[in-house]
Amino acid sequence: AQTVTQSQPEMSVQEAETVTLSCTYDTSENNYYLFWYKQPPSRQMILVIRQEAYKQQNATENRFSVNFQKAAKSFSLKISDSQLGDTAMYFCAFIAFGGSNYKLTFGKGTLLTVNP
Amino acid sequence: DTGVSQDPRHKITKRGQNVTFRCDPISEHNRLYWYRQTLGQGPEFLTYFQNEAQLEKSRLLSDRFSAERPKGSFSTLEIQRTEQGDSAMYLCASSSRTGTTEAFFGQGTRLTVV
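Dropping the structure here:
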C-alpha cells in the first residue's frame, strides 16, 4: 500500500520569505509521479508542481521548487518570496504505475499562512 | 473545455434520504476519481474508474455508497440512507492515461446531512 505523510499540520511565514513544506511517502513501486497541490480557502484544488520519479533533476515552477530524494522517499516543497496569495492548504500526492493501480493518494495536508 | 464539472455544488438533505452527485470530467480523460474531504483534512480516496471500469473502491466506503461511470464519460456517486457522518465535501477529479497524469479537480459538492 502507498502512503503519503505530511508531518507539519500548520506553518506560517512572513511575506517575501522562504518556507519549506515536508512530505514523505512509502511505496514499493519504481515508476511514479509526485505532486504538490494547493487548495486556497473555499476554492478549487490546483496543481502547483509535479516530479517524475525517473528524473534526478528537481522540478521548478517559478517561485516553487522541490527537493526530491528518491532513496529517502522524501519530497519537500520550497516556496520562495512568499506572497499573501500563497495562503492555502498544501497537499502532497503520489501516483504509481504498478499493475493496474493508478490510485492518486494524498497526504493530510499542511495549512500555510503567509503573514503581511 | 471548461474543466471538471460537479453538480450540485451544495446539497442539504435529511438523514435517511438518498442523494446522487454527478461529475463530468474533462473530455477524453479516461481516469476519474472520487474523494471525500472533511474540514481541514486531506482528500480521502473513495473510488476510481478507468474508462467505465471501477478499478478500486475504498474499504472505508460502506455499502450505502455506490458509483457508476456508464460509457466511460460522466460519473455519479450515490449515497443511500444518508447519515450525519456523511456530511463532507465530495470531490471529483479526472486525468489522462498519457502525458503528465496530472489530476484536475472539480469544485466539489458540499453535502450537509441534517
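Residue numbers (the numbering used here), protein chains in the order written: chain Y, 128 to 243; chain R, 595 to 708.
We put the beta carbon where it would ideally sit given N, CA and C, even for glycine.
Remember, it's a predicted structure, so these values are computed and weren't measured experimentally.
Backbone CA spacing between residue i and residue j [nearest angstrom]
i, j, result
"R630(R)", "S134(Y)", "21 angstroms"
"Q166(Y)", "I173(Y)", "6 angstroms"
"G702(R)", "M683(R)", "6 angstroms"
"F639(R)", "K230(Y)", "8 angstroms"
"T214(Y)", "L671(R)", "31 angstroms"
"F195(Y)", "T151(Y)", "10 angstroms"
"S656(R)", "D618(R)", "24 angstroms"
"Y217(Y)", "L204(Y)", "9 angstroms"
"E137(Y)", "L649(R)", "34 angstroms"
Residue-chain proximity (residue i, chain Y), Cβ-Cβ < 8 angstroms
i, result
"R663(R)", "no"
"Y642(R)", "yes"
"T695(R)", "yes"
"F699(R)", "yes"
"R603(R)", "no"
"R625(R)", "yes"
Per-residue burial, residue i [other beta carbons within 10 Å of its own, 16 or more giving buried]
i, result
"I222(Y)", "buried"
"T676(R)", "buried"
"Y181(Y)", "exposed"
"L633(R)", "exposed"
"L654(R)", "exposed"
"S688(R)", "buried"
"V131(Y)", "buried"
"T596(R)", "exposed"
"T574(R)", "This structure leaves residue 574(R) out entirely; chain R is present only between 595 and 708."
"P168(Y)", "exposed"
"V708(R)", "exposed"
"S669(R)", "buried"
"T706(R)", "exposed"
"R625(R)", "buried"
"T145(Y)", "exposed"
"D680(R)", "buried"
"A220(Y)", "buried"
Test: residue i CB closer than 8 angstroms to a CB of chain R
i, result
"G212(Y)", "no"
"M172(Y)", "yes"
"L148(Y)", "no"
"Y229(Y)", "yes"
"K235(Y)", "yes"
"T151(Y)", "no"
"I222(Y)", "yes"
"T154(Y)", "no"
"F218(Y)", "yes"
Own chain residues within Cβ distance below 6 angstroms of residue i, not counting five before or after
i, result
"A186(Y)", "I176, Q178, V193"
"K197(Y)", "none"
"F643(R)", "L626, R663"
Cutoff 8 angstroms; reference residue i; Cβ partners in own chain excluding five residues on either side
i, result
"L211(Y)", "E142, V241, P243"
"E646(R)", "R663, P664, K665, G666"
Contact set for residue i: own chain, Cβ-Cβ below 7 angstroms, skip 5 residues either direction
i, result
"R190(Y)", "I206, S207, D208"
"R658(R)", "I673, Q674, R675"
**Request:** Compile a chain-ordered list of the residues in the region 158 to 170 of chain Y whose CB is closer than 9 angstroms to at least one CB of chain R.
**Result:** Y160, F162, Y164, Q166, R170
**Request:** Please list the residues of the region 627 to 639 of chain R that have a C-beta atom closer than 9 angstroms to any C-beta atom in chain C, keeping them in chain order.
**Result:** Absent from the structure is chain C; the protein chains it does hold are Y and R.
**Request:** Return the residues of the region 650 to 678 of chain R that lie within a Cβ-Cβ distance of less than 8 angstroms from chain Y, sorted by chain order.
**Result:** Of all residues in the region 650 to 678 of chain R, E650 have a Cβ within less than 8 angstroms of some Cβ in chain Y.
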